[in-house]
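>
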Amino acid sequence: MFLGARKGSVNAGIFDTLSDESQHGYFWAYNNGITVICDSFESDGSHINLKNFSIVNGCQTTVSIARSLQSNGDVHVLTRFIAASPSIVNEIITFNNSQNPIRPWDIASQHITQRRLKTEFANLDKPYLYVTRRGDKPRGDLKKFKDKNKIRQIKIEQLGQYAAAFRGQPVLAYKHKAFIFSKHHDDIFPPDVTAQEILMQWICGLICDEIVRETLKKKDQDEVRILKKGGTLFTLATLSKILTLRNGATYMKKLTEETIVSRGARQRFKKYADYAMNRYVDAVLDQSELADDELPTLIRSKEFYDKVIKRIERGYKKDASAKAWLDEALPKLR
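FYI, the numbering for the sequence shown is 1020 to 1353, going by the numbering used here.
1) Take residue 1208 and list the residues in its own chain whose beta-carbon comes closer than 6 angstroms to its own, dropping the five residues that flank it on each side.
2) How many Å lie between residue 1221 and residue 1231 at the Cα?
3) Can you name, in chain order, every residue of its own chain whose Cβ lies under 6 angstroms from the Cβ of residue 1226, other than the five neighbours on each side?
4) Nearest-angstrom Cα distance between residue 1217 and residue 1197?
5) Report the CB separation of residue 1101 from residue 1054 in whole angstroms; it is logged as a contact under 8 angstroms.
6) Under 8 angstroms Cβ to Cβ from residue 1046, same chain only, skipping five residues before and after it: list those, please.
7) To which residues of the same chain is residue 1298 closer than 8 angstroms at the C-beta, ignoring the five residues directly before and after it?
8) Based on DSSP bridge pairs, tell me the residues matched to residue 1099.
9) For residue 1297, which three-state DSSP category applies?
10) Helix, strand or coil for residue 1266? Go by DSSP, reduced to three states.
11) Could you have a look at residue 1073 and say whether DSSP puts it in helix, strand or coil?
12) Please work out which residues of its chain come closer than 6 angstroms, Cβ to Cβ, to residue 1251, disregarding the five sequence neighbours upstream and downstream, and give them in chain order.
13) Fully enclosed by the stretch 1204–1264, which beta strand (DSSP E) runs are 3 residues long or longer?
14) I need the straight-line Cα distance from residue 1142 to residue 1253, nearest angstrom please.
15) Once you ignore the five residues that flank residue 1354 on each side, which residues in its own chain have a CB closer than 6 angstroms to its CB?
16) From residue 1086 to residue 1342, what does the alpha carbon distance come to, in whole angstroms?
17) Could you check where the alpha helix (DSSP H) with residue 1046 kicks off and where it finishes?
18) What whole-angstrom Cβ distance do residue 1103 and residue 1056 have, given they're in contact under 8 angstroms?
19) Determine which residues share a DSSP beta bridge with residue 1150 and list them.
20) In this structure, what does DSSP give as the bridge partners for residue 1060?
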């Protein structure tokens, strides 16, 4: 979501009103308010507890308020809470629909860590546009973000899944994407995380996605049924584990932007990704004889993945005993 900077835009008008000390006290009267639907809610007079809620009208208002609260916490807005049965939810959304439902990453975009990362990405030697809101565009010239007329950009929604998988939580990334940006945000994006670390996770995610897509084109029966369900994310989680086993627990702290984005680095990451994908497929097949209808359920199970990753570790340690092969197949990062 984009809080537009253009004069006269709805989003800019909302934020300007909230920022104006002479006007923000009347914000509740100027604004159309927010509509929230939920399964149920309870109020104790000072707090309202909602179950399974979604904002269906007032998305821009909500994000604008979240942004303005950093400098002004005294804001009031009219809000409707509707406990609706599933049979009428669509009608409520239709008749209230002038804005899109808010998404967890829209709110997360205002988190101090996300705002810092956005600045760091823009200040890299080869800057990246970190797209944290719908319609997000940088102020000023786009040239610094371009390679051969293609914008170097990282999208927060996709990045969240890559970051979660890289940190060993592919089931969360595959099954509960929204939770990455709410209750798991600080685990996936810790306060000390750097743009270089995130950039590596992003690049590795793209490489894994490319390799998985190419493999699916070959239509090998076993590979297809395993990789078509979250194959990129589980391959990325496996790659991360192999990187640590091969290079040590603190390897990422030693990497620089150049050693992450160079052509040589990408070639090394591709070797790790190819090895990781094959190890993941073999481990899933070895774990049990799977019927086609069982696999989607098992893949969404953390317990099953934990067993798979242990098998992957054992396989790597066996492979690592052949040092000459190891140096060629999985060259150390540098």
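Where a beta carbon is used, it is the ideal one built from N, C-alpha and C, also for glycine.
Predicted model, so just to flag it, every value in this text is computed and none were measured.
By the coordinates alone:
1) Excluding sequence neighbours, residue 1208 sits near 1132.
2) Looking at the two C-alpha atoms, the distance is approximately 15 angstroms.
3) Counting only Cβ-Cβ distances below 6 angstroms, and skipping sequence neighbours, we find 1288, 1289 and 1292.
4) As the crow flies, the alpha-carbon of residue 1217 is around 19 angstroms from that of residue 1197.
5) Residue 1101 to residue 1054, Cβ: 7 angstroms. Contact.
6) Cβ within range, chain order: 1036, 1037, 1094, 1095 and 1096.
7) Excluding positions up to five away in sequence, the list reads 1257, 1261, 1331, 1334 and 1335.
8) Answer is 1054, bridged to residue 1099.
9) Correct three-state label for residue 1297: helix.
10) DSSP places residue 1266 in helix when its eight states are reduced to three.
11) When secondary structure is reduced to three states using DSSP, residue 1073 falls in the strand class.
12) Answer for residue 1251: 1227, 1228 and 1231, listed in chain order.
13) Secondary structure within the stretch 1204–1264: not one fully enclosed beta strand (DSSP E) run of 3 or more consecutive residues is present.
14) Roughly 31 angstroms separates the two Cα atoms.
15) Nothing in the structure corresponds to residue 1354, since the chain is present only between 1020 and 1353.
16) Whole-angstrom Cα-Cα distance: 54 angstroms.
17) That run of the alpha helix (DSSP H) goes 1046–1049.
18) Indeed they touch by this definition, with Cβ atoms about 5 angstroms apart.
19) Beta-bridge pairing links residue 1150 to 1174.
20) In the DSSP output, where bridge partners are listed per residue, residue 1060 has 1069.
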